[in-house]
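Each residue of the sequence shown is one higher than the last, beginning at 30 in the numbering used here. We put the CB at the ideal spot given by N, CA and C, even for glycine.
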Amino acid sequence: YRGFVSGFLEDYLEKNLTGKDPKKTNIERCIAIGPALMMASVAKVTKPYDLKTIVSLNSIMVDGTGMCGACRVAVGGKTKFVCVDGPEFDAHEVDFELLISRQRIYCDHEGVCYDLYEEECRCRK
């Protein structure tokens with residue numbers, strides 16, 4: 030298959046679940062691990078099928094105790110911390126828009142760090 034995982038999943042679920050009793054299929058859940066945008070797409074595809082979907086979030090983490098709040102996400106309308114409450118959550122309850130916007134906060138800083146890294150490493154090559 031060539032394309033996005035969400036496209037494959039959509040075709041697969043349409044072929045295997047459309048018009049069938051979910052209890053009579055061997056598809057119990059979907060687990061997605063990867064970029065937030067991909068997991069959001071998977072959640073969107075599985076929702077109409079009411080297919081339990083678990084995602085493993087990879088938000089920014091600083092201290093691993095929840096004290097800093099860097100890994101804060103909204104799940105089911107409540108604030109959760111990926112480092113202590115997760116990283117696995119019900120995909121249909123995750124506010125992916127908020128998660129993705131929080132991940133983009135540091136893009137400029139990451140670019141600066143990458144440039145500095147490249148500059149430093151060039152002298153070692």
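>> As an exercise, report each continuous alpha helix (DSSP H) stretch of at least 4 residues that is fully enclosed by the stretch 32-101, in chain order.
In response: Counting only runs of 4 or more, we get 34-46, 65-75.
>> By DSSP's criteria, D119 is part of a beta bridge. Which residues make up the other side?
In response: Translated into positions along the sequence shown, residue 119 becomes position 90. Residue pairing by DSSP puts D119 in a beta bridge opposite I83.
> Between C100 and I89, which are expected to be in contact by the criterion C-beta below 8 Å, what is the C-beta distance as a whole number of angstroms?
Replying inline: Within the sequence shown, residue 100 is the residue found at index 71, counting from 1. Within the sequence shown, residue 89 is the residue found at index 60, counting from 1. Between I89 and C100 the Cβ distance is about 6 Å, and since that is below 8 Å, they are a contact.
> Is the CB of E43 under 8 Å away from at least one CB in chain C?
Replying inline: The structure shown contains no chain C, having only a single protein chain.
>> Is it the case that the stretch 71-87 contacts the stretch 120-133, given that we only count it when at least three CB pairs across the two stretches are under 8 Å?
In response: Three or more beta-carbon pairs drawn from the stretch 120-133 and the stretch 71-87 are found closer than 8 Å, and the two stretches are therefore classed as touching.
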